[in-house]
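Residue numbers (our numbering), protein chains in the order written: chain R, 1 to 339; chain C, 1001 to 1406; chain E, 2001 to 2345.
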Amino acid sequence: MSEERYVLEASGLSIGYVQGKRGHSVVAEDLNLKLLEGELVCLLGPNGVGKSTLIRTLAGLDKPLAGRILMEGADASAMVSRERARFASVVLTDQAPHGMFTAYSIVALGRHPHTRWTGTLSDQDRSRIEWALRVVGAESLSERQIGELSDGERQKVMIARALAQDAKVLFLDEPTAFVDLPRRVEIMRILRDLAHEEGLAVLLSSHDLDLSIRCADELWLMNPEGILVQGYPEDLALGRQIAQTFQSDEVDWDSDEGCFRLHRQPKRLASMEGEGSVALWTRRALARKGYGIGGADSAELEVIITYLNGHPIWRVRISETWRSFDSLQSMFRWVESIS
Amino acid sequence: MGRKAEVNVSKRSHCLNILNWFRMGKGGECFRHRQTRLKSVLWIALTCVLGSSTVLGKRVELAYAKNFSVEYFETHKIVTVRNMWRGSANLTFTYALVPRTTALPDLPVGMRIIRTPVQRMSILETVYLGHIEALDLYDELVGLANVSLAHDPIALEQVKIGYTKKIQEGSSLNIETLLLLKSDLVLTSAMGNPQFDAHPQLERAKQPVVITAGYMEEHPLGRSEWLKFTAVFFDKEEAASRIFDKIAKRYNELSDIASSAGSRPTVLANAPYGGTWHVPGGRSYTARAIEDAGGNYLFSDDASSGGLPKDFESVYHRAAEVDFWLHPGVHRDLEGLRSQDDRFARFRAFEIGNVYNNTLQSNGTGGNDIWERGVLHPEWVLEDLIAIFHPGLIPNHSFRFYEKLN
Amino acid sequence: MNRTSTLLIALIFFNLLALVLNIGLGSVSISISDILGSLSGSEKVDAVLTGIVLEFRLPRGLTAMLAGSALSVSGLMMQTVFRNPLADPFVLGVNGGASLGVAITLLVLAPSGIALTQDLRLSGHILVVVAASVGAGAVLMTLLAFARRVDVMSLLILGLMISYGVGAIVSILIFYSMADRLQSFFNWSFGNFSSVTWTHFLVFAPSVVVGLAAVVPQIKSLDAFLLGERYASSMGVNVRRSRILILGSASLLAGVVTGFCGPIGFVGIAAPHFCRLLFRAPSHRILVPSAILFGSLIALIADLIAKAPGIEATLPLNAVTALIGAPVVVAALLKQRNLRRVFGG
């Protein structure tokens, strides 16, 4: 077995914060974590469970309450800020920078650990800045004022800044929080490419479960009791850890479909015959309308999916009446008009 | 109804009033009144003849003070004070002084009344201590403000033993202490600024407060003559007159001596603080004193009677070659003066050692006799100044208020 | 870069011009030839004029330049560390501390200060300077002690509260004082550059130069602080140490100026804004030198106006700096089209 290069290792880690004389407030304890280079890891968990604290502690911004963090084998607590800066760079949820910054100058700040004492940029610095802007696709923004950019554009610039720092690990705290869906997908893709092609280790926390499952090489699930589970996204999905982490009265995790369902007691039963995506979406519509799936004899509503010229047709029976519809909406309108 | 015999400097108004009086005399009067009227006719004729410089019994005659006047009636005296502060224009304050033994006569409603002779007096400024010393009014002094700025040793002793009470700390009057004193008279001056003046508060508290305007007199003898003002409240007009006559005589003697001096040395006064040098104006008290002492005050061309704010540089420009320098702040020695600003050493007066300050009588806590007896005795101040500018004119002089900085 | 160099050279030029004007104008106008004659010690120039140039105008002009630079750089640092465009050099209450020191000296000790002056052989002015510096230093020490334990926002509020508290004590002292003492205190609080003689300058100038020199190694950290303390830390800045060094030198500069010249407002807020606007660069590599030059220029112009040449009096310096400073700040802010977005809304 080849030596796996652990870029970051945490053992016996206890995170939280000191509350003056009253002692510590522990968010999670006895964590044992490893980050490999070239991997994209997504940290997921309900709100308030401590994801931000964990990210900040691993990045070296907050002190751990107990335990040890090794950065490429070296003890992080013994490092000075400058050494740590060459190892870890961050993208946080902090307030956007103010002042007359162009996107270029923000990214240029990322070169801080490498520039001379005056902060003047060398050619090497410039090429790294340009590379960073190119990777995130923000080259066209480079002369724009940071205050004028949209949230998504600003986020890309902040990621470029972290990249320009040329660190081994990139830590991101909810980078897709206020960003629209296409931009979110784009950012995840960029991060994944950075991990796989540039060999960076990337750790980000996210609320977007679906996107995380699809893109991450590893998931870390954190639950309110402070337990952290690591594993392949699919393993965790099948093994119901995802379900358990996000357990609540409101939603259920549906392993079959890989998504959340609203927890609603079905009031009525319906039977359905069909396969494929049509069957999937029909089941969803029935669930949304409050129908559970049952056998044909106990169901008050029977749906049979057929095809006409490749187009789906729904044949529905209520009581003894059969009708056919070419859309789910028209079908339910009829069903509701009868009931 | 009383006789009216207004005692004033000008003879003209004197005689005019006789006409008024005759006009008033119509209608039924008792015999006694007629008799006294006859007496007053003779008396008035006498004064018209003898001129206004004679002193008559306990009357107050004023030669230099312009800001107050006293009218004598059979049952009371009326004191009028004018020009109490800059810009007070035609505003006057009048007070009726009624002896305790007399019933209150008919007076206009709202007229301020003081019963005489005053037995309990409170003063809000230390300048009156000079009058108290001259007229021996220590027993009557029950309240004193700003004790730390007072010099008079007897008054301070009285405060120490508790006979005289402190009635002010800093800029805030301790009104309760003052009320408890039950003074017959509270003397103070005013600036016409409701923020700082005490008298509105005191009047509201029904205290017998009397405003003085001595500080507004332009002539040093004018200020000194206010001794007579204080004296009126204690029925000591005669003593006051005697004392003042001596003062005025000596002052004028000295003034003549000074004007006989050949050359007039140039003189600068005061010192800057924080970039601004408030020099006395050309018609201020200090300027006047300097001129009377045979000096040539550098800013005598200015027409104001207060202080002029100037910057150090422009004073230096005019005064670099000045002969004498008076009152440089609080300094009593040249090293101290130089350490405030080493540019002071560039003034010629400093270089030749002609720097004098009126701090000889400073008592260390802020009191200085020059503001007490010095105001009453401008002839002593003048003598010091002449001895400074023209030492030969006053041989064997020992300084009373001024000291040379070494 | 070219534009930057041009602007810097222009600023240097205007500074020299303003200095010459300051030396030439005042209660009496002095021609250039007379100025040069005075400086070279020529006999042809009237001794009094020479005295004015050498003892009054020159130290005053140089003091203005140093004070303006110190305040401007101090304000720049405060605005960066606190990420607040309204921060000024005195935001940590340093000014309040200085005021308290001076108030105690002038209003409490001065009545007995007559004796104090003689015994200790300290002039009134040096005593004021010492008192102001001690007051400012005491506040600074207090705040730095807290700087280790609290975050930047809390520090700001602490400084504000100290200002208020100290202001209250000063009010009480004023309340209990006599009018003439108050005049001295108010004179001090108007601010002025003219009371620094060459003797004082020997202490003032090195202090300011040392303070400014201490800023130079912090230039990179200042840039990092623009993104906030967390990002700065992630980029390799030792935040605690840098904060102390930056705030310390900023307060020292502010305290020294207040000690020698009285409290002078507006230069510290206005100059950095104007520099940012003019140079269009957030990098402190450019902002610090430009703040030095621009602060110096504002101070010289303000002093020139305060001298009111032609009239034989002075205007209070603080009023003039406010009158100049306020429009500058307004103009700078209006130039940003959307304030909220720029200042992190």
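Beta carbons are placed, not taken as given, at the ideal position from N, Cα and C, and that holds for glycine.
Shortest alpha-carbon distance to R/Glu300 belongs to which of R/Leu308, R/Tyr291, R/Thr306, R/Tyr307? The count along the first sequence starts at 1 and reaches residue 300 of chain R at position 300. Answer by Cα proximity: R/Tyr291.
Does the distance from the C-beta atom of E/Gly2068 to that of E/Ser2296 stay below 8 Å? As a working note, residue 2068 of chain E is residue 68 in the third sequence. As a working note, residue 2296 of chain E is residue 296 in the third sequence. Yes; because the gap between Cβ atoms is below 8 Å, this pair is in contact.
Pick from E/Leu2315, E/Leu2017, E/Leu2245 that is closest to E/Leu2144, judged by C-alpha positions: Position 144 of the third sequence holds residue 2144 of chain E. Residue E/Leu2245 is the option with its Cα nearest to E/Leu2144.
Which residue from E/Val2196, E/Arg2276, E/Leu2107, E/Leu2140 puts its Cα closest to that of E/Ala2331? By one-based count along the third sequence, residue 2331 of chain E stands at place 331. With distances taken between Cα atoms, E/Ala2331 lies closest to E/Arg2276.
Any beta carbon of chain C sitting closer than 8 Å to that of E/Gly2026? Here the question's residue 2026 of chain E lines up with position 26 in the third sequence. Yes, E/Gly2026 lies at the interface with chain C (some Cβ there is under 8 Å from its Cβ).
At a CB distance below 7 Å, what residues from the stretch 2091-2106 of chain E approach chain C? Give them in sequence order. none
Output the distance between the C-alpha atoms of E/Arg2057 and E/Leu2293, rounded to the nearest integer angstrom. For the purposes of this step, residue 2057 of chain E is taken as residue 57 along the third sequence, with counting starting at 1. For the purposes of this step, residue 2293 of chain E is taken as residue 293 along the third sequence, with counting starting at 1. Those two C-alpha atoms are separated by around 20 Å.
Near E/Phe2204, what residues of its chain come up, given a Cβ to Cβ distance below 8 Å and the 5 sequence neighbours on each side ignored? Taking the first residue of the third sequence as position 1, residue 2204 of chain E is located at position 204. These residues qualify, in order along the chain: Thr2063, Leu2066, Val2196, Val2256, Phe2260.
Got a sec: which bits of the stretch 120-134 of chain R sit with their beta carbon under 9 Å from any beta carbon on chain E, in order along the chain? Thr120
For the alpha helix (DSSP H) containing E/Ile2305, name the first residue and the last one. For the purposes of this step, residue 2305 of chain E is taken as residue 305 along the third sequence, with counting starting at 1. Run containing E/Ile2305: 2284-2307, per the alpha helix (DSSP H) assignment.
Of all the alpha helix (DSSP H) runs that stay within the bounds of the stretch 1336-1377 of chain C, which reach a length of 4 or more residues? 1348-1351, 1373-1376
Please name the residues in the stretch 2218-2245 of chain E whose beta-carbon is closer than 8 Å to at least one beta-carbon of chain R, in chain order. Ile2219, Lys2220, Asp2223, Ala2224, Leu2226, Leu2227, Gly2228, Arg2230, Tyr2231, Ser2233, Ser2234, Met2235, Gly2236, Val2237, Asn2238, Val2239
Tell me, to the nearest whole angstrom, how far the beta carbon of E/Ala2103 is from that of E/Leu2173; I am working on the premise that it is less than 8 Å. The residue you call residue 2103 of chain E lines up with position 103 of the third sequence. The residue you call residue 2173 of chain E lines up with position 173 of the third sequence. So it is a contact: roughly 5 Å between Cβ atoms.
Helix, strand or coil for R/Pro64? Go by DSSP, reduced to three states. Position 64 of the first sequence, counted from the first residue, corresponds to residue 64 of chain R. In this structure, R/Pro64 counts as coil in the three-state DSSP scheme.
Take E/Tyr2231 and list the residues in its own chain whose beta-carbon comes closer than 8 Å to its own, dropping the five residues that flank it on each side. Position 231 of the third sequence holds residue 2231 of chain E. Answer for E/Tyr2231: Ala2224, listed in chain order.
If we count the other Cβ atoms within 10 Å of its Cβ and call it buried at 16 or more, is C/Arg1288 buried or exposed? Residue mapping note: residue 1288 of chain C aligns to position 288 of the second sequence, counting from 1. The residue in question, C/Arg1288, is buried, as its Cβ has 16 or more Cβ neighbours within 10 Å.
Restricting to runs no shorter than 4 residues, where is the alpha helix (DSSP H) found entirely within the stretch 219-253 of chain R? 233-238, 241-245
Report the partner residues of C/Ser1122 according to the DSSP bridge assignment. Here the question's residue 1122 of chain C lines up with position 122 in the second sequence. DSSP output for C/Ser1122 lists C/Gly1143, C/Val1186 as bridge partner(s).
Give the single residue among E/Ile2023, E/Val2045, E/Glu2055 whose Cα lies nearest to the Cα of C/Ala1345. Working through the second sequence from its first residue, we reach residue 1345 of chain C at position 345. The option with the nearest alpha carbon to C/Ala1345 is E/Glu2055.
Please state whether DSSP places C/Phe1234 in a helix, a strand or coil. By 1-based counting over the second sequence, the position of residue 1234 of chain C is 234. Coil at C/Phe1234, not helix or strand.
Could you check whether E/Pro2089 and E/Leu2253 sit closer than 8 Å to each other, using their CB atoms as the reference points? Walking along the third sequence from the start, residue 2253 of chain E turns up at place 253. Walking along the third sequence from the start, residue 2089 of chain E turns up at place 89. Yes, they are a contact pair.
Quick check on the DSSP output: the alpha helix (DSSP H) that includes C/Asp1311 runs from which residue to which? Taking the first residue of the second sequence as position 1, residue 1311 of chain C is located at position 311. Not the alpha helix (DSSP H): C/Asp1311 falls in the beta strand (DSSP E), residues 1307-1311.
Through-space distance from C/Ala1063 to C/Gly1051, alpha-carbon basis: Working through the second sequence from its first residue, we reach residue 1051 of chain C at position 51. Working through the second sequence from its first residue, we reach residue 1063 of chain C at position 63. Its pLDDT being 40, under 50, C/Gly1051 is placed unreliably by the model, and nothing is read from it.
At 9 Å on the CB atoms, spell out the chain E contacts of R/Trp117, in chain order. By 1-based counting over the first sequence, the position of residue 117 of chain R is 117. Here the neighbours are Val2216, Pro2217, Ile2219, Lys2220.
Could you name the residues of chain R that E/Pro2282 contacts, counting a contact when the two beta carbons are closer than 8 Å? Your numbering for residue 2282 of chain E matches position 282 in the third sequence. Chain R residues near E/Pro2282: Gly99, Met100, Phe101, Ser105.
Look at the alpha carbon of E/Pro2272 and the alpha carbon of R/Ser89, and state the distance between them as a whole number of angstroms. Along the third sequence, read from residue 1 onward, the residue named residue 2272 of chain E stands at position 272. Along the first sequence, read from residue 1 onward, the residue named residue 89 of chain R stands at position 89. Roughly 30 Å separates the two Cα atoms.
CB contact check: E/Arg2003 to chain R, cutoff 8 Å: Taking the first residue of the third sequence as 1, we reach residue 2003 of chain E at position 3. Not an interface residue.
Top-ranked residue by Cα proximity to E/Ala2322, from E/Ser2290, E/Ile2269, E/Lys2307: Numbered from 1 along the third sequence, position 322 holds the residue referred to as residue 2322 of chain E. Residue E/Ile2269 is the option with its Cα nearest to E/Ala2322.
Cβ contact (3+ pairs, closer than 8 Å) linking the stretch 1188-1203 of chain C and the stretch 1121-1134 of chain C: yes
Beta-carbon separation of E/Gly2135 and E/Ala2168 under 8 Å? Here residue 2135 of chain E refers to the residue found at position 135 when the third sequence is read from its first residue. Here residue 2168 of chain E refers to the residue found at position 168 when the third sequence is read from its first residue. Result no, Cβ atoms of E/Gly2135 and E/Ala2168 do not sit closer than 8 Å.
The alpha helix (DSSP H) with E/Val2102 in it runs from where to where? The count along the third sequence starts at 1 and reaches residue 2102 of chain E at position 102. Note, E/Val2102: alpha helix (DSSP H), 2094-2103.
Is the Cβ of R/His112 closer than 8 Å to any Cβ of chain E? In the first sequence, the residue the question calls residue 112 of chain R occupies position 112. For R/His112, the answer is yes, since a Cβ of chain E falls inside 8 Å of its Cβ.
Closer than 8 Å at the beta carbon, the chain E residues around R/Asp94: Within the first sequence, residue 94 of chain R is the residue found at index 94, counting from 1. Result: Leu2227, Gly2228, Arg2230, Tyr2231.
Does E/Thr2063 come out as helix, strand or coil in the three-state DSSP assignment? Your numbering for residue 2063 of chain E matches position 63 in the third sequence. The answer is helix: DSSP assigns E/Thr2063 an H, G or I state.
Could you name the residues of the same chain whose beta carbon sits closer than 7 Å to that of E/Gly2211, not counting the 5 residues immediately before and after it, in chain order? Here residue 2211 of chain E refers to the residue found at position 211 when the third sequence is read from its first residue. Around E/Gly2211: Ala2070, Ser2249, Leu2252, Leu2253, Val2256.
May I have the straight-line CA-CA distance separating C/Val1322 from C/Pro1265, to the nearest angstrom? Locating residue 1322 of chain C in the second sequence gives position 322, where the first residue counts as 1. Locating residue 1265 of chain C in the second sequence gives position 265, where the first residue counts as 1. If you take the alpha carbons of C/Val1322 and C/Pro1265, they lie about 8 Å apart.
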